[in-house]
Amino acid sequence: MPDQVTGTSNPRTHEPYIPASQSLPEITGKAIVLGILLSAVLAGANAYLGLKVGLTVSASIPAAVISMAILRMFREHNILENNIVQTAASAGESLAAGVIFTLPALILLRHWVGFPFLPTMGIALCGGILGVLFTIPLRRALIIEADLRFPEGVATAEVLKAGATGGSGAKLIAFGGVAAALLKLSQTGFKIAESSLHGAVTAGRSIFGIGTDLSPALLGVGYIVGPRVGSLVLAGGAISWLVAIPIYLAVTDPATVAGIVDGADGYGAAQAIWSARIRFMGVGAMVVGGVWALVSLLGAVRDGVRSSVQALRASRAAGGGPEIPRTERDMPINLVAVGTVSLAVPILAVFVLVIDRTALGITPGLYWIVLALGTVFALLAGFLFASVAGYMAGLVGSSNNPISGVTIATILTISLILYMLLGLQIDFTISGPQALSAAATAILVGAVVACAAAIAGDNMQDLKAGRIVGATPRRQQIMQVIGVVAAALVIAPILGLLYEAYGLGGVLPREGMDPNEMLQAPQATLMASVADGVFSQNLPWAMIGIGALVAASVIALDQLLKARGSSLRVPVLAVAVGIYLPIELEVPIFVGGVVAWLVSQSVRRGVGDEGDVEKANHRGLLFASGLITGEALVGILLAIPFAAAQSTDVLSLAPDGFGPIASWIGAAAAVGFTCWLYRISVRSSG
109 MPDQVTGTSN
119 PRTHEPYIPA
129 SQSLPEITGK
139 AIVLGILLSA
149 VLAGANAYLG
159 LKVGLTVSAS
169 IPAAVISMAI
179 LRMFREHNIL
189 ENNIVQTAAS
199 AGESLAAGVI
209 FTLPALILLR
219 HWVGFPFLPT
229 MGIALCGGIL
239 GVLFTIPLRR
249 ALIIEADLRF
259 PEGVATAEVL
269 KAGATGGSGA
279 KLIAFGGVAA
289 ALLKLSQTGF
299 KIAESSLHGA
309 VTAGRSIFGI
319 GTDLSPALLG
329 VGYIVGPRVG
339 SLVLAGGAIS
349 WLVAIPIYLA
359 VTDPATVAGI
369 VDGADGYGAA
379 QAIWSARIRF
389 MGVGAMVVGG
399 VWALVSLLGA
409 VRDGVRSSVQ
419 ALRASRAAGG
429 GPEIPRTERD
439 MPINLVAVGT
449 VSLAVPILAV
459 FVLVIDRTAL
469 GITPGLYWIV
479 LALGTVFALL
489 AGFLFASVAG
499 YMAGLVGSSN
509 NPISGVTIAT
519 ILTISLILYM
529 LLGLQIDFTI
539 SGPQALSAAA
549 TAILVGAVVA
559 CAAAIAGDNM
569 QDLKAGRIVG
579 ATPRRQQIMQ
589 VIGVVAAALV
599 IAPILGLLYE
609 AYGLGGVLPR
619 EGMDPNEMLQ
629 APQATLMASV
639 ADGVFSQNLP
649 WAMIGIGALV
659 AASVIALDQL
669 LKARGSSLRV
679 PVLAVAVGIY
689 LPIELEVPIF
699 VGGVVAWLVS
709 QSVRRGVGDE
719 GDVEKANHRG
729 LLFASGLITG
739 EALVGILLAI
749 PFAAAQSTDV
759 LSLAPDGFGP
769 IASWIGAAAA
779 VGFTCWLYRI
789 SVRSSG
């Protein structure tokens with residue numbers, strides 16, 4: 109029999125599902141093994157998704173469902189054990205986000221020719237553990253005192269509670285996963301279905317480009333983030349592709365345009381202009397958005413530090429006091445200080461291993477100053493941005509967490525500091541190998557911060573779920589570290605495999621590879637562009653400035669809506685991400701959000717109450733999670749034969765001239781998945 113009780117929880121009084129007075133097995137042998145395996149698998153899946161589209165989603169819910177399905181095979185299992193497994197698994201997923209947003213930039217800067225195991229693992233491990241340590245004082249400040257929503261944490265807790273009494277969520281994930289996997293295999297492997305459609309309209313010298321990816325994973329992403337975020341992302345894309353690109357082509361000297369497009373026309377020309385110029389509007393918008401997030405959350409960061417100090421004093425004075433309830437026991441708070449200082453040593457060691465003093469062209473003394481500065485900056489910025497990420501996760505969820513914004517702010521800041529510091533010795537003539545090496549230094553610092561922030565945001569969701577179900581925070585924090593270690597050990601081989609099979613961000617590891625199959629790595633490309641642009645002094649500051657003005661306008665609009673008490677809000681980072689991403693990635697995300705809206709409207713029209721709407725959205729969320737997981741896992745598996753054969757056509761079954769038919773098949777499949785997602789969500793039976 110399952111080792112648990114049937115509990116209840118009241119979200120208003122915060123009474124846990126399993127009371128503090130009852131102790132159930134949490135960290136068990138099977139939970140550790142399953143948590144490690146799921147952490148590794150989900151880290152790989154999210155790495156693929158993030159490199160493909162620049163967006164990642166929280167894996168807490170699918171991890172919880174998979175955990176329940178597997179642990180059900182054992183005679184003894186309970187809800188807290190399930191919660192421990194998803195805690196470790198989602199740590200792997202979030203760590204992958206921090207890594208793939210930054211370290212691939214070293215490939216794009218030609219600083220690395222692959223992903224060396226030790227430095228990649230070291231950055232991921234140190235940054236991830238910092239993120240876990242920083243959530244210890246933040247848990248009380250943000251979950252208990254601030255009482256934020258943490259939407260995905262609440263949803264995960266509801267999934268866990270439903271699983272305690274039985275459910276069919278695993279089937280929905282399995283159906284979606286298998287179907288998406290088959291389509292991905294047909295698109296990328298067999299080449300019998302097209303993976304994207306695009307076209308353009310020319311008016312004078314202007315080009316209006318539009319396209320859509322036919323990926324079910326992106327449809328699932330859109331369903332999860334919802335109609336508001338999906339619409340704002342597409343609005344940002346419209347600013348770039350339907351406004352900025354046509355205007356740029358109309359007002360720019362034709363010779364300059366010709367040098368950029370290099371003979372391309374139609375959609376290809378629009379894509380070239382976007383890549384070389386317009387996407388830097390997104391850089392400006394994301395920097396302003398990230399700074400705005402920091403300014404908005406200074407109070408929360410201050411409260412987090414204050415709570416940390418108070419908790420440390422209380423823990424030292426509690427020797428003869430009352431016993432702390434099980435559901436309030438964190439890892440010792442002084443471990444944060446000791447662990448943070450201790451991690452400075454391996455971080456510094458990785459910097460020494462990767463950063464070449466000769467390439468920087470500086471004296472040994474200045475070299476060690478640069479390394480020490482980077483290490484200290486990574487630790488300080490890591491805590492600051494972990495606080496921001498945790499707070500934002502409480503507001504909008506970890507899937508919408510502005511990791512990109514805070515990472516850009518980190519890289520831009522450290523790049524400018526390093527530029528000033530290095531310029532004092534080399535007369536501000538940083539160029540060539542010096543510029544690339546300096547940019548790589550900034551990327552490494554940003555990678556530590558990105559991993560810490562990504563882990564912090566996701567772990568706060570897990571700790572919120574744990575508070576609702578009655579978990580022991582200290583045991584969750586231990587499993588978070590275990591999940592980080594598991595993901596850190598596998599992330600370098602996975603990234604190396606994906607790079608060898610597909611190529612990343614415009615860099616192909618060998619000749620003859622299909623550039624259409626390349627993983628765009630949009631966030632890493634952005635990080636590389638920002639860091640290199642500072643040192644090479646070739647950033648298109650005009651475009652960055654325009655993007656900053658657009659972001660400022662969006663912030664002003666959002667504040668006006670807030671002052672008027674409007675339920676409609678316009679978060680600037682969602683628009684900024686849309687400005688930066690290719691529009692063909694944004695269309696299916698928007699469609700997925702529209703499906704989520706249609707589901708809610710349909711259930712309400714059927715005289716359903718909010719509980720029915722919640723159930724419908726939950727079914728759709730599970731199916732959407734399956735779409736993401738299935739496509740991502742097949743993408744990783746296909747990388748094996750692609751890398752072995754050094755060709756993405758090794759499994760192709762498409763005959764010559766099959767392109768038009770493949771386009772129709774791909775389009776029909778995309779429509780079919782859209783309808784299927786809707787039907788799965790609105791059906792009355794679970």
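Per the numbering used here, the sequence shown starts with residue 109, numbered consecutively. All C-beta atoms in this analysis are idealised placements derived from N, C-alpha and C, irrespective of residue type, glycine included.
Go through its chain and collect everything with a Cβ distance to residue i's Cβ below 8 Å, but skip five positions before and after it.
i           : result
residue 709 : none
residue 514 : 398, 401, 402, 493, 496, 497, 557, 558 and 561
residue 358 : 312, 313 and 314
Just confirm the distance between the C-beta atoms of residue i and residue j, as a whole number of angstroms; I'd bet it's less than 8 Å.
i           : j           : result
residue 395 : residue 516 : 6 Å
residue 652 : residue 391 : 5 Å
residue 677 : residue 669 : 6 Å
residue 397 : residue 659 : 5 Å
residue 402 : residue 448 : With 8 Å as the limit, residue 402 and residue 448 do not qualify as a contact, their Cβ atoms being about 20 Å apart.
residue 262 : residue 585 : 20 Å between Cβ atoms; not a contact.
residue 214 : residue 220 : 4 Å
residue 393 : residue 687 : 5 Å
residue 170 : residue 675 : Actually they are not in contact, since the Cβ atoms of residue 170 and residue 675 sit about 30 Å apart, beyond 8 Å.
residue 602 : residue 155 : 6 Å
residue 264 : residue 550 : Between residue 550 and residue 264 the Cβ distance is about 35 Å, and since that is not below 8 Å, they are no contact.
residue 607 : residue 223 : 7 Å
Please list, in chain order, all residues of the same chain as residue i whose beta carbon is under 7 Å from its beta carbon, the five residues on each side excluded.
i           : result
residue 339 : 698 and 701
residue 454 : 230 and 234
residue 597 : 229
residue 786 : 703, 706 and 707
residue 383 : none
Please identify the residue among the options whose C-alpha is closest to the C-alpha of residue i.
i           : options               : result
residue 740 : 518, 200, 169 and 289 : 289
residue 458 : 474, 483 and 342      : 483
residue 313 : 356, 281, 555 and 324 : 356
residue 399 : 728, 684, 736 and 752 : 684
residue 623 : 633, 629 and 610      : 610
residue 168 : 331, 569, 302 and 211 : 569
residue 547 : 217, 190 and 518      : 217
residue 236 : 780, 201, 680 and 440 : 201
residue 520 : 491, 541, 542 and 552 : 552
residue 642 : 189, 208, 147 and 523 : 523
residue 756 : 620, 731 and 770      : 620
residue 334 : 694, 749, 712 and 764 : 694
residue 212 : 671, 605, 665 and 527 : 605
residue 555 : 252, 238 and 189      : 238
residue 305 : 742, 436, 783 and 767 : 767
residue 148 : 595, 528 and 250      : 595
Can you tell me whether residue i is buried or exposed? The criterion is at least 16 other CB atoms within 10 Å of its CB, across all chains shown.
i           : result
residue 428 : The predicted model places residue 428 with a pLDDT of 44, which falls under 50 and marks its position as unreliable; any figure quoted below should be read in that light. Exposed, by the Cβ-count rule.
residue 466 : exposed
residue 646 : exposed
residue 184 : exposed
residue 348 : buried
residue 303 : buried
residue 209 : buried
residue 129 : exposed
residue 83  : Here the chain comprises residues numbered 109 to 794, so residue 83 is not present and cannot be evaluated.
residue 364 : exposed
residue 671 : exposed
residue 120 : With a pLDDT of only 41 at residue 120, under the threshold of 50, the placement of this residue in the model should not be trusted, and no figure is reported.
Spatial neighbours of residue i within its chain, please: C-beta separation below 6 Å, excluding the five flanking residues on both sides.
i           : result
residue 299 : 760 and 762
residue 380 : 368, 369 and 372
residue 297 : 746 and 759
residue 789 : 707, 724, 727 and 728
residue 438 : 244, 581 and 582
residue 388 : 648, 651 and 652
residue 744 : 152 and 156
residue 433 : 128
CB of residue i to nearest heavy atom of the ligand NAD: below 7 Å?
i           : result
residue 566 : As far as ligands go, the structure on display features none, and thus does not contain the ligand NAD.
Count Cβ pairs between the stretch 372-388 and the stretch 716-736 that sit closer than 8 Å; are there 3 or more? no
Does the stretch 317-335 come close enough to the stretch 775-793 that 3 or more CB-CB pairs lie under 8 Å? Three or more beta-carbon pairs drawn from the stretch 775-793 and the stretch 317-335 are found closer than 8 Å, and the two stretches are therefore classed as touching.
Could you say if the stretch 137-146 and the stretch 191-202 meet the contact criterion of at least three C-beta pairs nearer than 8 Å? yes
Would you call the stretch 492-504 in contact with the stretch 549-564, where contact means no fewer than 3 C-beta pairs closer than 8 Å? yes
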